[in-house]
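Have a look at the structure below before the remarks.
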Amino acid sequence: MKSLILGALCSLALLPSAYAEGFEYQDQRDTVDNELVAFEHGRDRASCRSCSEEVWQHVREDDVVYQLPAGRTNLRTVPRDVTVLLAAGTDLDSIRHAPPGLRVLDVSGTAVSSVRYLPSGLEVFLASDTQVSSIRYLPGSLKWLDISRSRVSSLRYLPEGLEYLDASDTDVESVRYLPSALKHLRIRNTEVNSLCYLPSGLETLDASGSTDRTSCVASSVIILGANRGGYVEQCH
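Mapping to this note's numbering: the sequence shown position 4 is 5, numbers consecutive.
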């Protein structure tokens, strides 16, 4: 009889810790749910208040959008099914452990300084106003890249399918190769002094404030129309 009573008491003693763990997990789950941005009534702009206009134009109705909490410095606890990650202006300093299915990643205005890994299916990467100085790898799926006001000084290994590139207010000095799919190029206030080759499909070019807009660049902002032969003007 005593053994039964002792067993029951031991079981009761274990209950609080088990329940505490359960409540802790539930609290974490509630927090995650609150950070997820759901489209309850279709793709409504009001349902993604945290999305910048630049991000919003890439969001789909079936995307799982996640707002990283301001004090979070890494992506370890981000749900794996997230496809749009909003981290602009947070304390994030590393993009390791990013969800594998991520399509859109916004780390603008964060402490991120290096980019060694990006999900293989990433289409949009926004890293303006960061300390990023080099990007070792860009996935072939990438279509939109904003590294304006970063510390990037060289543009290499740009994906062939890239359609939009903003490298304004950086230390970039030369652009020797541009992807054939590129439609929009912004290099305002850079050290770029020559742009001899431009993709035939380029639609807009903003080079205002660049060091030396030589004969290769006709004006600060060029809307390519008649000049679709691959060159703005003949380089000398």
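Beta carbons are placed, not taken as given, at the ideal position from N, Cα and C, and that holds for glycine.
As the structure is a prediction and not an experimental result, all values here were calculated from the model.
Can you look up residue 92 in the DSSP assignment and give me helix, strand or coil? coil
State the beta-bridge partners of residue 165 as determined by DSSP. DSSP lists 145, 185 as partners of residue 165.
Residue 120 classed as buried or exposed, judged by whether at least 16 other C-beta atoms fall within 10 angstroms: buried
Identify, in the order they occur along the chain, each residue of the same chain with its Cβ nearer than 7 angstroms to the Cβ of residue 192, setting aside the five sequence neighbours on each side. 172, 173, 174, 212
Enumerate in chain order the residues of its own chain whose CB-to-CB distance from residue 64 is below 6 angstroms, with the five nearest sequence positions on each side excluded. 84, 85
Closer than 6 angstroms by C-beta to residue 242: which residues in its own chain qualify, once you throw out the five before and the five after it? Chain order, please. Here the chain comprises residues numbered 2 to 237, so residue 242 is not present and cannot be evaluated.
Counting along the chain, where does the beta strand (DSSP E) carrying residue 85 start and finish? 85-87
Counting C-beta neighbours from all protein chains within 10 Å, is the total for residue 68 16 or more, i.e. buried, or is it exposed? buried
For residue 200 versus residue 181, is the C-beta spacing smaller than 8 angstroms? When the beta-carbon positions are compared, residue 200 and residue 181 come within less than 8 angstroms of each other.
What is the rounded straight-line gap between the Cα of residue 147 and the Cα of residue 153? 11 angstroms
If I'm right that residue 194 touches residue 169 with Cβ under 8 angstroms, what's the distance once you round it to whole angstroms? Contact doesn't hold; Cβ gap of about 15 angstroms is too wide.
Is it buried or exposed for residue 205, if we count other Cβ within 10 angstroms and need 16 for buried? exposed
Among all the DSSP beta bridges, which residues are the ones paired with residue 107? 87, 127
In chain order, what residues of the same chain lie with their CB nearer than 6 angstroms to the CB of residue 187, ignoring the 5 residues before and after it? 167, 169, 207
Kindly indicate the opening and closing residues of the beta strand (DSSP E) around residue 56. Note, residue 56: premise wrong, no beta strand (DSSP E); alpha helix (DSSP H) at 54-57.
May I ask you to list the residues that DSSP assigns as paired with residue 173? Looking at the DSSP assignment, residue 173 forms no beta bridge with any residue, so it has no partner.
Per-residue burial, residue 74 [other beta carbons within 10 Å of its own, 16 or more giving buried]: exposed
Any idea if residue 82 is buried or exposed, counting beta-carbon neighbours within 10 angstroms, 16 or more meaning buried? exposed
According to DSSP, residue 135 sits in a beta bridge with which residue or residues? 115
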